[in-house]
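K.L.:
Numbering of the sequence shown is given in our numbering, commencing with residue 3 and proceeding in unit increments. Don't be surprised by glycine CBs; every beta carbon is placed ideally from N, CA and C.
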Amino acid sequence: MQTVEETLFSTVSRTPIRQFSNEVTQTPTDTKWIAIKSATINRRLSKEPHDIIKELRVLSSVSHANIIVILGSQSDQTKMILRYWMPYIQYTLFDLLSSSSFSPHPLLSFSTVCPIRSPREDRFTLLAKSIIYQILSALAYLHDPRRGIAHRDIKPCNILLTGEGLVQVIDFGIAWKGIDSGKEMDESDDLWPETEEKMYFEVATGPYRAPELLFGPLTYDASATDLWSLGATFAEFFTPLRLTHSDEDDEADDSDTSDDSVKPFIIPSTSTFRPADPTARWRRDSLFNADKGEIGLAWSIFKIRGTPNDDTWPTFRDLPDATKVTFVSVPAVDLTSLLPNLPPSTIPQAGASQATSHAPSRTMSSSPFDLLHRFLVYPQSDRIRAVDALRHPWFTADPVALLPPGYPLEHIDDGSILRSQVGCLWEGKTLGEWLRASLPHKSSLPGED
3 MQTVEETLFS
13 TVSRTPIRQF
23 SNEVTQTPTD
33 TKWIAIKSAT
43 INRRLSKEPH
53 DIIKELRVLS
63 SVSHANIIVI
73 LGSQSDQTKM
83 ILRYWMPYIQ
93 YTLFDLLSSS
103 SFSPHPLLSF
113 STVCPIRSPR
123 EDRFTLLAKS
133 IIYQILSALA
143 YLHDPRRGIA
153 HRDIKPCNIL
163 LTGEGLVQVI
173 DFGIAWKGID
183 SGKEMDESDD
193 LWPETEEKMY
203 FEVATGPYRA
213 PELLFGPLTY
223 DASATDLWSL
233 GATFAEFFTP
243 LRLTHSDEDD
253 EADDSDTSDD
263 SVKPFIIPST
273 STFRPADPTA
283 RWRRDSLFNA
293 DKGEIGLAWS
303 IFKIRGTPND
313 DTWPTFRDLP
323 DATKVTFVSV
333 PAVDLTSLLP
343 NLPPSTIPQA
353 GASQATSHAP
363 SRTMSSSPFD
373 LLHRFLVYPQ
383 SDRIRAVDAL
393 RHPWFTADPV
403 ALLPPGYPLE
413 HIDDGSILRS
423 QVGCLWEGKT
433 LGEWLRASLP
443 HKSSLPGED
């Protein structure tokens, strides 16, 4: 068994499982890898609000092509540990975002403005919308009032990508499950029970946290926090790629204030840095910066989206901690200036006035910026819902979103014309083939796709 990830909350390991062609002779035919997540069920050792009991309960209650499937579970009452296993998937969205191939621009480019779409831009757009569509499909399923589930930790590392291009959302350790008064309370065994009157706001990760969570709310729309987190994740498709040393302190960079942030690729100009250095690696800048704590994150958000006022966030002062800190009043900035990897041919569609306005246009346009803008607004009720975002015109603009072979048609919204347009091939290749061409190389494990 090999450890894949170890945190203060849980451990994820991988182990091979052999498959046999003959139960009598036990002739091995293939080796599959599974991932095993384990965490304590001892409240004294568990870090609030991370709860593997609730995570297993929530995952066991859902069934969607873009949500990881539970293969089995085991509770060790002696050691007070709960384990569950799931398919092992090698790549995450973080890996794709860290690839210099995943950009509408070549690494060496003399201009970032081109009114004519290039083949490279089309490939980038195809991958971006195909992945975002699947994430939205998972969130629309979870947020459906019949389920009332919010993930509360949407970020690139929690989105897996199979070799076929299938998105798998993982890590429901801090998920919210709305209480259905018509059913029995099955939350009684949770490590950290929540009620609608007393919810945890210490959820989500760093730059992906919704701004309302930074000001101590005890009750809020959990699904709306997912939408902001998705917007912050979606923004990273278009933020700069920065070349760093692998042992460099990522937290030392405040990318959202850097003059270099307007460039698609940022290569340090210091004399000590050599791009050919084997320790050099690309990483994607986050739109917001959480390196300086919650107040620093709030200011990072405000200086980009504007300091809240009665127009942009009428209910801001109703939050418990909203008046504890006074922020300098600044307007929203042009978001497109911070997103140099937006497909160049779509930037004029954004419009300068809309790019600097906190609220998006009432009329949707078929640009990725228009969709992104609708997630990153302060009032929770103004954020575009996942089910509505699936109908956004960007997904049906050329090139149309591509889905993995065998993707269930029931996951494609009935009201979307995508049902009649979506395909499994683009220029003779599947989504998986296009994806693998952009992912960084990793050594394959036996039996992996």
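Going straight from the alpha carbon of residue 92 to that of residue 235, what length do you get?
P.N.:
C-alpha separation (whole angstroms): 20 Å.
K.L.:
If you draw a straight line from the C-alpha of residue 388 to the C-alpha of residue 145, how long is it?
P.N.:
So the two alpha carbons sit approximately 8 Å from each other.
K.L.:
If you reduce the DSSP assignment to three classes, tell me which class residue 210 lands in.
P.N.:
Residue 210 falls in the helix class under three-state DSSP.
K.L.:
In chain order, what residues of the same chain lie with their CB nearer than 6 Å to the CB of residue 104, ignoring the 5 residues before and after it?
P.N.:
Excluding residues within five positions, the ones whose Cβ falls inside 6 Å are 98 and 440.
K.L.:
What does residue 92 pair with, by DSSP beta-bridge criteria?
P.N.:
DSSP output for residue 92 lists no bridge partner at all.
K.L.:
Is residue 224 closer than 8 Å to residue 194 when the C-beta atoms are compared?
P.N.:
No, Cβ-Cβ distance for residue 194 and residue 224 is not below 8 Å.
K.L.:
Taking 8 Å as the threshold, find out whether the stretch 198-216 comes into contact with the stretch 360-377 through three or more Cβ pairs.
P.N.:
Contact between the stretch 198-216 and the stretch 360-377 is absent, because fewer than three Cβ pairs lie under 8 Å.
K.L.:
Pairing CB atoms from the stretch 401-416 with CB atoms from the stretch 363-377, are three or more of them under 8 Å?
P.N.:
Counting Cβ pairs under 8 Å, fewer than three are found: no touch.
K.L.:
Here's the rule: buried if 16 or more other CB atoms are within 10 angstroms of the residue's CB, otherwise exposed. What is residue 410?
P.N.:
Counting Cβ neighbours within 10 Å, residue 410 comes out exposed, since fewer than 16 surround it.
K.L.:
Could you name the residues that DSSP lists as bridge partners for residue 245?
P.N.:
284, per the DSSP bridge assignment.
K.L.:
How would you call residue 331, buried or exposed, if buried means at least 16 neighbouring beta carbons within 10 angstroms?
P.N.:
Exposed is the call here.
K.L.:
Which residue from 78, 48, 155 and 86 puts its Cα closest to that of residue 59?
P.N.:
Answer by Cα proximity: 86.
K.L.:
Let me know if residue 147 comes out buried or exposed under the rule of 16 or more other beta-carbons within 10 Å of its beta-carbon.
P.N.:
Counting Cβ neighbours within 10 Å, residue 147 comes out exposed, since fewer than 16 surround it.
K.L.:
Which two residues bound the contiguous beta strand (DSSP E) that contains residue 5?
P.N.:
Per DSSP, residue 5 belongs to the beta strand (DSSP E) from 4-8.
K.L.:
Taking the straight line between their C-alpha atoms, what separation do you get for residue 426 and residue 434?
P.N.:
Computed Cα separation, rounded: 10 Å.
K.L.:
Keeping to the same chain, check which residues put their C-beta closer than 6 Å to that of residue 90; ignore five residues upstream and five downstream.
P.N.:
Correct list, in chain order: 16, 35, 36 and 37.
K.L.:
Kindly list the residues whose CB is nearer than 8 Å to the CB of residue 102, restricted to its own chain and excluding five residues on each side of it in sequence; keep chain order.
P.N.:
Taken in chain order, the residues that qualify are 109, 243, 267 and 284.
K.L.:
Can you round the beta-carbon distance between residue 162 and residue 216 to whole angstroms, since I take them to be within the 8 Å contact cut?
P.N.:
No, residue 162 and residue 216 are not in contact; Cβ-Cβ is about 28 Å, not under 8 Å.
K.L.:
Roughly how many angstroms lie between the CA atoms of residue 313 and residue 245, to the nearest whole one?
P.N.:
Taking the straight line from one Cα to the other gives about 39 Å.
K.L.:
Spatial neighbours of residue 344 within its chain, please: C-beta separation below 7 Å, excluding the five flanking residues on both sides.
P.N.:
If we look at residue 344 and ignore the five residues flanking it on each side, its Cβ neighbours are 240, 338, 370 and 371.
K.L.:
Residue 221 to residue 321, Cα distance in whole Å?
P.N.:
Residue 221 and residue 321: Cα-Cα distance of roughly 10 Å.
K.L.:
Using 8 Å as the threshold, is the C-beta distance between residue 214 and residue 382 below it?
P.N.:
Yes, the Cβ-Cβ distance between residue 214 and residue 382 is below 8 Å.
K.L.:
Below 8 Å on the Cβ atoms is my contact criterion, and I expect residue 66 with residue 140 to pass it. Report the Cβ-Cβ distance as a whole number of Å.
P.N.:
Going by Cβ atoms, the distance from residue 66 to residue 140 rounds to 6 Å, so yes, they are a contact pair.
K.L.:
What are the boundary residues of the alpha helix (DSSP H) that residue 233 is part of?
P.N.:
That run of the alpha helix (DSSP H) goes 224-237.
K.L.:
Going by DSSP, which residues form a beta bridge with residue 37?
P.N.:
Per DSSP, 16 and 88.
K.L.:
With respect to the alpha helix (DSSP H) encompassing residue 136, which residues constitute its N-terminal and C-terminal limits?
P.N.:
Run containing residue 136: 121-145, per the alpha helix (DSSP H) assignment.
K.L.:
Report all residues from its chain with a CB closer than 7 Å to the CB of residue 96; omit the five preceding and five following residues, and keep chain order.
P.N.:
Answer for residue 96: 158 and 159, listed in chain order.
K.L.:
For residue 368, report the span of its beta strand (DSSP E) as first-last.
P.N.:
Note, residue 368: premise wrong, no beta strand (DSSP E); not H, not E.
K.L.:
Thinking residue 442 and residue 166 are a contact (beta carbons under 8 Å), I'd like their distance in whole angstroms, please.
P.N.:
Contact flag wrong, Cβ pair sits at about 18 Å.
K.L.:
Output yes or no for whether 8 Å exceeds the beta carbon distance between residue 301 and residue 318.
P.N.:
The answer is no: Cβ separation not under 8 Å.
K.L.:
Does DSSP put residue 162 in a helix, a strand or coil?
P.N.:
Correct three-state label for residue 162: strand.
K.L.:
If I measure Cβ to Cβ from residue 395 and keep anything under 6 Å in the same chain, skipping five residues before and after, which residues do I get?
P.N.:
Counting only Cβ-Cβ distances below 6 Å, and skipping sequence neighbours, we find 366 and 368.
K.L.:
Taking 8 Å as the threshold (C-beta atoms), are residue 150 and residue 180 in contact?
P.N.:
Yes, these two residues count as a Cβ contact at 8 Å.
K.L.:
Roughly how many angstroms separate the alpha carbons of residue 138 and residue 61, rounded to a whole number?
P.N.:
Distance between the alpha carbons of residue 138 and residue 61 is about 17 Å.
K.L.:
So who's on the other strand from residue 171, going by DSSP bridges?
P.N.:
DSSP lists 69 and 161 as partners of residue 171.
K.L.:
Hey, residue 289 and residue 209: beta-carbon distance below 8 Å or not?
P.N.:
A contact, by the Cβ cut-off of 8 Å.
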